[in-house]
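See structure below.
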Amino acid sequence: MSGERPNPDEPPADKADDADEQDEAYSEDEEAAVAARLEDLGYI
Amino acid sequence: MASPRVCVIGLDGTPASYLRRRIADGHLPHLAELSRQGTLMSARAPLPPISSVSWASASTGVNPGRHGVFGFVERKPGSWDLTFTNVFTISEPQVWAKAADAGMRSVVVNIPGTYPAQPNGSGVLVSGFVSPTLERSVQPPSMIPFLQERDYLIDVDLGLGHKDLEAFCEQLVAHHAARTRVLVDLLDGDPCDLFYVAFTGTDRLHHFLWEQMEQGEEPWASRFHGYYDAVDASVGEIVSRLPDDCRLILLSDHGFCRLDQEVFVNRWLERDGWIALEEPAKSIASVIPSRTRAYCMDPGRLYLNLAGREPGGIVSPAEYESVRDELRRWAEALPFVQRVATREEAFSGPHADHAPDLVLVSKNGWDLKGAVRTTDLQGKGRLTGMHTQDDAFVLVRGAHPDGEADVQDVAATALDGLGLDATGVDGRVLR
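Here it is as structure tokens:
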């Protein structure tokens, strides 16, 4: 197991690299639809 | 070469104990026959036990510390705004990607967390939950008419479950029939090496009808069991098309039990002075960072408000261990908590540092929520079933392994069945 405390200075490098791609996965309209579905199952 | 070489069929959220009970009572003939051909193993899901996390493990063979998915929602780096996890969040190759690299063809249908659909070599991929549109859920896109002709729906209208249970059940059945039609026609079509699919209507059924089933409340108990009869028939239809030497793997990604209370963990944190929220709070973005030491993301992921990581974080890195210990003791004393895992205990790998600082595992019946829209500590709505980490299942035809399975064993066993290297993943090959 990792056993390391988090590095507070920055997110893990590849997470930061992926952040834009992740944000682009859903359009604004799609985000609203996703939020509604997750809410229907009690996830948000 | 017979097609497919490996077939994985997921029944989302189906408990091993439910299958055993129904089989013992003389129901589910196809699943009963398979349970005679291989051990119906109890299985454990990764933490937290929700589909986005668990299916990522079942398809990559690794724990969340390696694949990087810890929930359906995450806080955007450097912000309190939320973002939704998706296929780009999964940072380890899924079984079908490894198969494509080896020149094999896969058919992948309805696996949660695979939106937007990515090209799948010469094969087919239809994304599962949470896929808002069919248009970006299908690779190659030329398959969309094939799906539309069969009335394929990505998911049922979950809102119906809150408003009209009868209509919800009708749609579940129709939706299941359409999914089965698509799967059977895909199997009857071009040969493939890997057929990796999931039925997710089971999870929806459980969320809205678990308690009614358990209490024998009609007509819902009969609807519940009747739906499983349809699932069993679909499994039979698929299995009848498989060659005898196909490695057949069935699984559920987590277990299920009755939901007695939804627990709004952020309100418990608020009660005891860990978090402050601007009201009316809509999401964790309503947090007041200067008065918050810890917060919860669904379902039961606890994070410290760490300086340098969270915007306006007030827990200094030097205080991290002591504040986390204090938070752990606080959580362990809550009436609904079964146990608390630190990130080091629950996860390993390059994304472990992105993991929650603590993960709460609730007692059965207490469904942990990150929502802040209500100011109540707990309550109960229309949902009557909740996920469990244990009581998932894995069944490999012809295999009788010892002990309990882990959901991540599914990918290892599938890779092995394809003749690919399964040594680099966390899961074990179930033989």
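Going down the list, the protein sequences come from chains X and E. For the first sequence, position 14 (counting from the first letter as 1) is numbered 186 according to our numbering, and the numbering increases by one without interruption. For the second sequence, position 5 (counting from the first letter as 1) is numbered 1279 according to our numbering, and the numbering increases by one without interruption. C-beta atoms are modelled at their ideal positions from N, C-alpha and C, and glycine is treated no differently.
Per DSSP, which residues does C1577 of chain E bridge with? Please list them.
-> Going by the sequence as given, residue 1577 of chain E is Tyr instead of Cys. In DSSP, Y1577 of chain E forms a bridge with E:Y1569.
Mind checking whether L1525 of chain E and G1284 of chain E have CB atoms under 7 Å apart?
-> yes
Ends of the beta strand (DSSP E) at D1641 of chain E?
-> W1640 to K1643
Where L1461 of chain E falls: helix, strand or coil (DSSP) = helix
Identify the contact partners of H1301 of chain E in chain X, using a Cβ-Cβ distance below 8 Å as the criterion.
-> What H1301 of chain E touches in chain X: nothing, since even the nearest Cβ is about 27 Å away.
What is the rounded straight-line gap between the Cα of E1619 of chain E and the Cα of S1325 of chain E?
-> 21 Å
Through-space distance from Y1594 of chain E to D181 of chain X, alpha-carbon basis | Residue confidence is low: D181 of chain X scores 47 on pLDDT, short of 50, so the model does not pin down where it sits. No coordinate-derived value is stated.
In whole angstroms, what separates the C-alpha of A1507 of chain E from that of S1331 of chain E?
-> 27 Å
Which partner residues of E1348 of chain E appear in the DSSP bridge assignment?
-> E:T1357
Chain X contact for D1700 of chain E (CB, 7 Å cutoff) | no
What are the complete beta strand (DSSP E) segments, minimum 3 residues, inside the stretch 1284-1358 of chain E?
-> 1314-1318, 1347-1349 and 1356-1358
Spatial distance of D1546 of chain E from S1596 of chain E (CA atoms) = 17 Å
Residues that DSSP places opposite E1584 of chain E in a beta bridge | E:A1581
Ordered along the chain, which non-local residues of its own chain (more than five positions away) have a Cβ less than 6 Å from that of F1442 of chain E?
-> L1434 and G1435
Would you kindly work out how many angstroms separate the C-alpha atoms of P1419 of chain E and A1472 of chain E, rounded to a whole number?
-> 21 Å
Is any beta-carbon of chain E found at less than 7 Å from that of E200 of chain X?
-> no
For the stretch 1644-1692 of chain E, which segments carrying the alpha helix (DSSP H) assignment without a break, of at least 4 residues, lie completely within its bounds, in sequence order?
-> 1683-1691
So what's Y215 of chain X in DSSP terms, helix, strand or just coil?
-> coil
Sufficient close CB pairs (3 or more, under 8 Å) joining the stretch 1383-1392 of chain E to the stretch 1461-1479 of chain E | yes
What separation, rounded to the nearest whole angstrom, lies between the Cα atoms of A197 of chain X and V1398 of chain E?
-> 19 Å
Segment contact flag, the stretch 1367-1381 of chain E with the stretch 1689-1698 of chain E, C-beta cutoff 8 Å, min 3 pairs | yes
Go to I1418 of chain E, then tell me how far its alpha helix (DSSP H) extends in each direction, as first and last residue.
-> I1418 to E1423
List the DSSP bridge partners of I1428 of chain E.
-> Its beta-bridge partners do not exist; DSSP assigns none.
Any C-beta of chain X under 7 Å from that of D1534 of chain E = no
How about S1291 of chain E and D1665 of chain E: do their beta carbons lie closer than 7 Å?
-> yes
G1547 of chain E (DSSP reduced to helix, strand or coil) = coil
For H1481 of chain E, decide whether its Cβ has a neighbour in chain X, counting only Cβ atoms nearer than 7 Å.
-> yes
Which residue comes first and which comes last in the alpha helix (DSSP H) that contains S1636 of chain E?
-> S1636 of chain E -> not in any alpha helix (DSSP H); beta strand (DSSP E) instead, spanning L1632 to S1636.
Any idea what DSSP makes of G175 of chain X, helix, strand or coil?
-> For G175 of chain X, the predicted model reports a pLDDT of 40, less than 50, meaning its position is unreliable; a value from the coordinates is still stated below. Residue state, collapsed to three classes: coil.
Closer than 6 Å: K1654 of chain E CB and nearest the ligand GTP heavy atom = Absence of the ligand GTP from the depicted structure is noted, as is the absence of any ligand whatsoever, leaving it without description.
At a CB-CB cut-off below 8 Å, which residues of chain X make contact with F1610 of chain E?
-> By Cβ distance, chain X contributes nothing, its closest Cβ being about 15 Å from F1610 of chain E, past 8 Å.
Alpha-carbon spacing of G1335 of chain E relative to V1681 of chain E, whole angstroms = 8 Å
Chain X partners of G1638 of chain E, CB-CB under 7 Å?
-> First, the amino acid is wrong: residue 1638 of chain E is Asn here, not Gly. Within chain X, no residue comes near N1638 of chain E; the closest Cβ sits about 16 Å away, beyond 7 Å.
Over what stretch of residues does the beta strand (DSSP E) that includes V1383 of chain E continue unbroken?
-> S1380 to I1385
Would you list, in sequence order, the uninterrupted alpha helix (DSSP H) runs of no fewer than 4 residues that lie entirely inside the stretch 1500-1558 of chain E?
-> 1539-1545
Where R1279 of chain E falls: helix, strand or coil (DSSP) = coil
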